[in-house]
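A short worksheet on the structure shown next.
Chains as they are written, first to last, in the numbering used here: chain A, 573 to 710; chain B, 2 to 125.
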């Protein structure tokens, strides 16, 4: 009983981490890149300049750190939970990204875009409810 | 125009990278031992498969393209549009990895594409 309860707890905890840190990583990358400005890579010198600004941005490193937490949580939870159970969590992340962009970055999200995000979540949910393995074992 | 090229790279290079990594991991074999030493062994074996290096290169391209597109457009637009990778993934899985993609999965991909279309045309 304890092990079953513990398994449920750590599964929910890691899925929670995925739903929070994945979108947070994207929002932080977005904030960092907006601060750097529109990227133009016409010449190698320009590309190097942009790369140096990216690599010295604390916000972008925070974003990369958040995405690493997301990937670690994703890999860990997949080591015991079904892919078809975990994958639909990524659909929630699209909604969470829009919410975080709206509330943390003050981005204007129109009603049509909210409907679009909801349909994307539904689509990812449908994909997640298909068999994760469709090929035979070799 | 440049934004569309970056979106194309995010979706196609990202999906291509995942497909290459998936192909490499299938060559390595199913991971059954999750002890740290065994996982290091899996990583080392994976790095000897050329598909893994192609995949990592493509994924790095996708990541820097994502940064470029985020410098020009809002997160609330960019992240939903990247969901098109589900369509590219289904196509790649079908034709590159020889997977059987069910009609239900195609229906889900179609919904994702519809949602992305609404996000794109849904500006103020």
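Glycine residues also receive a C-beta, built at the ideal position from the N, C-alpha and C atoms.
Residues 666 of the same chain have their beta carbon placed closer than 6 Å to that of residue 692 (chain A), with the five preceding and five following residues left out of the count.
Taking residue 50 (chain B) as the centre and dropping the five residues before and after it, the same chain places the C-beta of 25, 28, 29 closer than 7 Å to its C-beta, in chain order. Exposure of residue 6 (chain B) is indicated by the presence of fewer than 16 other C-beta atoms within 10 angstroms of its C-beta. Nearest in C-alpha terms to residue 78 (chain B), of all of B:42, B:67, B:88, is B:67.
Annotation: residue 88 (chain B) to residue 123 (chain B) spans about 21 Å, alpha carbon to alpha carbon.
For residue 66 (chain B), the enclosing alpha helix (DSSP H) covers residues 51-71. For residue 699 (chain A), the closest of B:60, B:40, B:84 by C-alpha to C-alpha distance is B:84. Residue 97 (chain B) carries a coil assignment under DSSP once its states are collapsed to helix, strand and coil. DSSP, read as helix, strand or coil, puts residue 107 (chain B) in helix.
Between the beta-carbon of residue 604 (chain A) and that of residue 631 (chain A) there is about 4 Å, and that keeps the pair under the 8 Å contact cut.
In the pairwise beta carbon analysis, the segment 630-648 of chain A is classified as touching the segment 586-606 of chain A: at least three pairs are separated by under 8 Å.
Closer than 8 Å to the CB of residue 37 (chain B) there is not a single CB belonging to chain A. For residue 87 (chain B), the C-beta contacts it makes with chain A under 8 Å involve 695, 696, 699, in order along the chain.
For residue 623 (chain A), the uninterrupted alpha helix (DSSP H) segment begins and ends at 616-627. Against residue 605 (chain A), the close residues of chain B are 68, 71, 72, in the order they occur along the chain (beta-carbon pairs closer than 7 Å).
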